[in-house]
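Following: one structure in structure tokens, then a few remarks.
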Amino acid sequence: MSFSRVKGFILGKIRKFQKISLAKKLPLNGYKPGLKSYVDNLSDEDLSELNGLLDWNSFISDANGRRFGMVAWGSKRIEPQEIPDKRIVAMHQRFNLNGQHVLEVGCFEGVHTLGLLQYAGKVTAVDSRMDHVVKTIVRCGMHEKSPAVFKCDVELKSQDYSLLACDFIHHVGVLYHLRDPISHLLALKHYVKKGVMLDTHYSLSEEADSSYIVDGREYSYKRYMEYGKKESFSGMYDHSKWLLLDDIVACLKQCGFDNVEIVEKRSERNGPRVLLYAST
Ligand SMILES: C[S@@+](CC[C@H](N)C(=O)[O-])C[C@H]1O[C@@H](n2cnc3c(N)ncnc32)[C@H](O)[C@@H]1O
Numbered sequence: 001m002s003f004s005r006v007k008g009f010i011l012g013k014i015r016k017f018q019k020i021s022l023a024k025k026l027p028l029n030g031y032k033p034g035l036k037s038y039v040d041n042l043s044d045e046d047l048s049e050l051n052g053l054l055d056w057n058s059f060i061s062d063a064n065g066r067r068f069g070m071v072a073w074g075s076k077r078i079e080p081q082e083i084p085d086k087r088i089v090a091m092h093q094r095f096n097l098n099g100q101h102v103l104e105v106g107c108f109e110g111v112h113t114l115g116l117l118q119y120a121g122k123v124t125a126v127d128s129r130m131d132h133v134v135k136t137i138v139r140c141g142m143h144e145k146s147p148a149v150f151k152c153d154v155e156l157k158s159q160d161y162s163l164l165a166c167d168f169i170h171h172v173g174v175l176y177h178l179r180d181p182i183s184h185l186l187a188l189k190h191y192v193k194k195g196v197m198l199d200t201h202y203s204l205s206e207e208a209d210s211s212y213i214v215d216g217r218e219y220s221y222k223r224y225m226e227y228g229k230k231e232s233f234s235g236m237y238d239h240s241k242w243l244l245l246d247d248i249v250a251c252l253k254q255c256g257f258d259n260v261e262i263v264e265k266r267s268e269r270n271g272p273r274v275l276l277y278a279s280t
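Residues in the sequence shown are numbered consecutively from 1, following the numbering used here.
Next up, the structure:
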């Protein structure tokens, strides 16, 4: 077993333990009321059962201010998630998603999926983890929504791109988990017609200590450890490559997304992060 897998395994056990003790303390009631849904009609007992059936790592509140889902661990996602997320509102203002088909990569537990469904004509949501696919379907079903949701590791080379065909892609918190982010970015031209909303960590040039070659071109990156399949937020492999921002932009332009606008750069606990829009 590799070092990252052992570390991932131990971390997973610690987080599970943290979660079990948090579950005992975390109230079911008392949150800011959220969207109306079938959850509103459940008894507290039924909702608690639903919250325990799946391994939720985020929660939203129902119209009665009750928790639907669970926190991840420690201090991660301890507030009800906002729907729609402000980046989705901004994406709609920029691209006008009405009647458009949006692909959401790394849908996690369906929180952004619900936000996108408020604007887009059609939403397809994919994630590399089956349990996230199931949670997204349940979360959306409870809100009377039925997006296309399926398991897909966007890094797999043998993709049927027709399943991913869309007008716009919502790409938040996933690129920096990939082992081969350059090939993934370059492949967007096969299935994204009009535009990209990308929110990702990147590497500063002074931090990029390795490089790899794709299609004869060398790309610098910072190697980042990932915990593999077992860890809910992680990439699927032992490491990811954090790219230089200039290379991310160059790949998008190479795909035909000539208009790239960086709207925000922020410094987060794990490193620098960017929000950008790219369109044809
Ligand atoms: C940090 S979470 C971000 C979730 C969500 N997009 C958000 O912003 O809240 C990363 C998500 O990407 C998924 N993921 C990781 N590697 C992936 C891959 N190769 N293909 C598809 N999804 C992947 C994970 O399962 C997880 O749901």
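From the three backbone atoms N, C-alpha and C, an ideal C-beta is built for every residue, glycine too.
Measuring straight from C-alpha to C-alpha, what distance separates residue i and residue j?
| i | j | result |
| --- | --- | --- |
| glycine 30 | leucine 163 | 41 Å |
| glycine 173 | threonine 200 | 5 Å |
| aspartate 167 | proline 147 | 15 Å |
| valine 102 | lysine 265 | 24 Å |
| valine 192 | glycine 216 | 24 Å |
| phenylalanine 257 | isoleucine 169 | 12 Å |
| cysteine 140 | glutamate 104 | 14 Å |
| valine 89 | alanine 63 | 21 Å |
| aspartate 238 | leucine 28 | 36 Å |
| glutamate 82 | leucine 35 | 10 Å |
| glutamate 45 | alanine 72 | 21 Å |
| methionine 142 | tyrosine 38 | 5 Å |
| lysine 16 | asparagine 98 | 40 Å |
| valine 274 | valine 249 | 11 Å |
| threonine 280 | asparagine 270 | 31 Å |
Should residue i go down as buried or exposed, given a rule of 16 or more other Cβ atoms within 10 Å for buried?
| i | result |
| --- | --- |
| proline 33 | exposed |
| arginine 66 | buried |
| glutamate 206 | exposed |
| histidine 190 | exposed |
| lysine 135 | buried |
| glycine 228 | buried |
| valine 123 | buried |
| valine 196 | buried |
Verify whether the separation of the beta carbon atoms of residue i and residue j is less than 8 Å.
| i | j | result |
| --- | --- | --- |
| serine 232 | asparagine 57 | yes |
| leucine 244 | tyrosine 202 | yes |
| leucine 198 | leucine 276 | yes |
| serine 158 | methionine 236 | no |
| alanine 23 | methionine 70 | yes |
| proline 272 | leucine 178 | no |
| tyrosine 175 | proline 181 | According to the sequence displayed, residue 175 carries leucine and not tyrosine. Yes, Cβ-Cβ distance for leucine 175 and proline 181 is below 8 Å. |
Please report the Cβ distance between residue i and residue j, rounded to the nearest whole angstrom; I am assuming they are in contact, meaning their Cβ atoms lie under 8 Å.
| i | j | result |
| --- | --- | --- |
| valine 149 | valine 133 | 5 Å |
| serine 183 | valine 214 | 6 Å |
| leucine 54 | valine 138 | 7 Å |
Counting only runs of 3+ residues fully inside the segment 43-87, write out the beta strand (DSSP E) ranges in chain order. Counting only runs of 3 or more, we get 59-61 and 67-69.
Whole beta strand (DSSP E) elements within the segment 144-196, 3-residue minimum: List check, beta strand (DSSP E) in window: 148-151 and 166-172.
Let me know the alpha helix (DSSP H) ranges lying completely inside the segment 81-134, each 4 residues or longer, listed in chain order. Runs of the alpha helix (DSSP H) inside the segment 81-134: 86-95 and 111-117.
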